[in-house]
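All remarks here apply to the structure that follows.
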Amino acid sequence: MDAAASPRGRRGLFAFYLLLVLFLYAPIAVLMIFSFNDSRLVTFPLVGFTTRWYGLLLENQELIEALKVSAIVAAISSFLAVGLGILASYAMVRRRFRGKAVTSSLLLSPLVIPYVVFGIALLILFRAVDDFLIPRFGVFFGLGIHVVVIGHVVVSLPYTILTIAPRLERLSSKVEEAARDLGANPASTFIRVTLPLLVPAIVSAYLIAFTLSFDEYAIASFVAGDVTTYPLFLYGQVRIRIGLPQMIAVSVIVLLLSMVLVAGTEIWRRRAESRLAV
Amino acid sequence: MAETAPDVEGATRDSSPARSWPGTLGLLAAPVLWLAVFFLIPLLVVAGYSVGILSLFPTDAGANLDDWSRFLRGDSVYMALFWKSIRMSLTVSLIVVILAYPLGYFLALVAGKRKYVLLLLIIVPFLTSYLLRVLAWRVILGSEGVINSFLYSAGLREPGDPIAWLIYSQFTVILVLVYVWVPFVALPIFVTLENLDSSMLEAGNDLGANRWRVFWRVTFPLSLPGVAAAFVFVFIPTIGEFVTPSLVGGTKGTMFGNAIQSLFTAGLDWQIGSVLALFLVAVVGILMLISGRFLRLRNLETG
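Here it is, written out as structure tokens:
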């Protein structure tokens, strides 16, 4: 006899599951439908089928510029976050030292900071820095892409650590010891043995950090200055209700791309890790 | 290179400088410095603003605790707004956990071999753009949105007479936040239930307890750490939320985060804004300490 649920219970739970899937996908499906609707207004009744909103995207310079800015910010910030994440993971997994508990709390604390607070904190930090620099040296740090990158590295770092550290933990230190016993020095052991074995986890971590940054609105809204990232652009368009079908169309493209990317790399990572099997 | 004694213990290995390249300090310097400079110091600057040591305009009053005491005594609108946000976040967290629990139960204990595929199906929406998901609800619930315009065109409602509470209300904010967080929270509950020793359930059954009894006396108590974790995972991000309320909440659905945001962008009262921001951080921090302790205790108890 099945201890978890009776046959009726099983059917009920499955029905509940299906209802939740419907609840989760219906809004996204509605967006997709309206991205093909031949009307400037996102209202019923549907007017007719069109792909012109997708065509218009290619001519929307502001939008393309915003996507470019976000791609640059995401590429740089996730690169830095992964680099720092590898260093931190290695220290946390392979080293024993005093103050480890405090260090680990510090490294993971950005997970729980409300982004609105972190955003304003960065904003007023750099205001204070500029207030100090401008009268004394006539230079300033300003707001913009660089500050968005700085903020995104902070909030992505714990995610990269949480992705890389468990993999490093499962990876027996015996492999590294073997390399050393065979005469490899510590540097080449790290670079030629440890890092390659970590590649699947590093790729996952990079993707997580990249998507986090690419989609991040709250922090960027405070520190982007006069630069417009893709989420900032999207937010602005949604508020003033202009070009809504176009925004939906671009969102659908981004959505499908990220789904394919995430699912693809997840499958690739599992395969790669089982092939490495250490 | 000097040879060390053949190492059998990890401890001797760690103490050998050649063995522990790169040094622990070298490994940690960059990540810790990054967080110190760009995370801790900004929060200290907020603290400085909140007590008037730093100020936006040189003419401001200097060091004082006025805004702190006014806020904590409840003399401003912000304390009421804080409690309203707490109520909304608690409601969201509760609904999310109630929805996610049967889901996690189904996936972990009933779904069988297909469970990872079914779980992935739930998680995929979480990977899509946050703004996009909020936008979707705006499109659906707006006064000229999908539901209302459908009602007009079906003749069920006069055009120009939308169902008012569908958008720009507390209801909308709660609905959208529930929508956003359900997939995320299914995960910790799923993991806890999956790690349950199924022989315990069977033992309960064999001893003659019916399924409900087994559930309430065995399964549910053992899954409480996962439930608590799930609750905290939703509560913490929603209590500081400001994007969703600003898009679908209108004035009725405003939350604490919106007050902070507008004090820094429109109101330009950075001192009271800093007080609110730091207070929010303190609340979240205390909550993390309590739940961390609770979760660890539960883990010890259940082995």
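Which chain is which? The protein sequence lines are A and B, in order. Number 278 marks the last residue of the first sequence (the numbering used here); no jumps. Number 303 marks the last residue of the second sequence (the numbering used here); no jumps. In this text, a Cβ means the ideal position worked out from N, Cα and C, and glycines have one as well.
- request: Identify every residue that forms a DSSP beta bridge with phenylalanine 49 of chain A.
  value: A:Asn37
task: Go to tryptophan 165 of chain B, then tell me how far its alpha helix (DSSP H) extends in each direction, as first and last residue.
output: Element bounds for tryptophan 165 of chain B: n/a, residue is neither H nor E.
message: Within 10 Å of its beta-carbon, does alanine 100 of chain B have 16 or more other beta-carbons around it, so buried, or fewer, so exposed?
response: buried
- request: Would you please state the rounded distance, in angstroms, between the beta carbons of phenylalanine 44 of chain A and proline 245 of chain A? I believe it to be under 8 Å.
  value: At roughly 14 Å, the Cβ-Cβ gap does not stay under 8 Å, so phenylalanine 44 of chain A and proline 245 of chain A are not in contact.
Residues of the region 34 to 55 of chain B whose Cβ lies closer than 7 Å to any Cβ of chain A, in chain order: Trp34, Leu35, Phe38, Phe39, Ile41, Pro42, Leu43, Val45, Val46, Tyr49, Leu54
message: Distance cutoff 8 Å, beta carbons only. Does tyrosine 217 of chain A sit that close to anything in chain B?
response: yes
query: Given 8 Å as the limit, is there contact between the region 82 to 93 of chain B and the region 226 to 245 of chain B, that is, 3 or more CB pairs closer than that?
result: yes
- prompt: If we cut at 8 Å on Cβ distances, does threonine 24 of chain B have a partner in chain A?
  reply: yes
field: Cutoff 6 Å; reference serine 204 of chain A; Cβ partners in own chain excluding five residues on either side
entry: Thr163, Arg269
- request: Would you check if the distance between the CB atom of isoleucine 290 of chain B and the CB atom of serine 89 of chain B is smaller than 8 Å?
  value: no
query: Taking a cut of 8 Å between CB atoms, which residues from the region 251 to 271 of chain B lie near chain A?
result: Gly257, Ile260, Gln261, Phe264, Thr265, Trp270
Three-state secondary structure assigned by DSSP to phenylalanine 140 of chain A: coil
- prompt: Would the region 205 to 225 of chain B and the region 274 to 287 of chain B be scored as touching if the rule is three or more Cβ pairs under 8 Å?
  reply: no
Sequence-distant residues of the same chain with beta carbon closer than 8 Å to threonine 51 of chain A, five excluded per side: Phe36
query: Hey, would you say the C-beta of leucine 18 of chain A is under 7 Å away from at least one heavy atom of the ligand HEM?
result: In the structure shown, the ligand HEM is absent, as is every other ligand, since no ligand is present at all.
field: 7 Å Cβ shell around arginine 271 of chain A - same chain, five flanking residues per side excluded
entry: none
task: Tell me where the alpha helix (DSSP H) around serine 262 of chain B begins and ends.
output: 256 to 262
message: Measuring only the C-alpha atoms, how far is isoleucine 253 of chain A from alanine 66 of chain A?
response: 15 Å
- prompt: At a CB-CB cut-off below 9 Å, which residues of chain A make contact with isoleucine 236 of chain B?
  reply: Leu111, Val112, Pro114
message: Taking the alpha helix (DSSP H) that leucine 80 of chain A belongs to, which residues open and close that run?
response: 61 to 94
query: Any idea if alanine 111 of chain B is buried or exposed, counting beta-carbon neighbours within 10 angstroms, 16 or more meaning buried?
result: buried
- prompt: What three-state label does DSSP hand tyrosine 115 of chain A in the structure shown?
  reply: helix
- request: Mind checking the region 128 to 145 of chain B against chain A and listing, in chain order, the residues whose C-beta falls within less than 9 Å of any C-beta there?
  value: Thr128, Ser129, Tyr130, Leu131, Leu132, Arg133, Val134, Leu135, Ala136, Trp137, Arg138, Val139, Ile140, Gly142, Glu144, Gly145
task: Under 8 Å by Cβ, that's how I've got valine 116 of chain A and glycine 257 of chain B pegged, so tell me the actual separation to the nearest angstrom.
output: 5 Å
message: Only counting the same chain, and skipping five residues up and downstream in sequence, which positions put a Cβ closer than 8 Å to that of isoleucine 167 of chain B?
response: Arg138, Leu141, Gly142, Ser143, Gly145, Val248, Gly250
field: Three or more C-beta pairs below 8 Å linking the region 110 to 130 of chain B and the region 149 to 167 of chain B
entry: no
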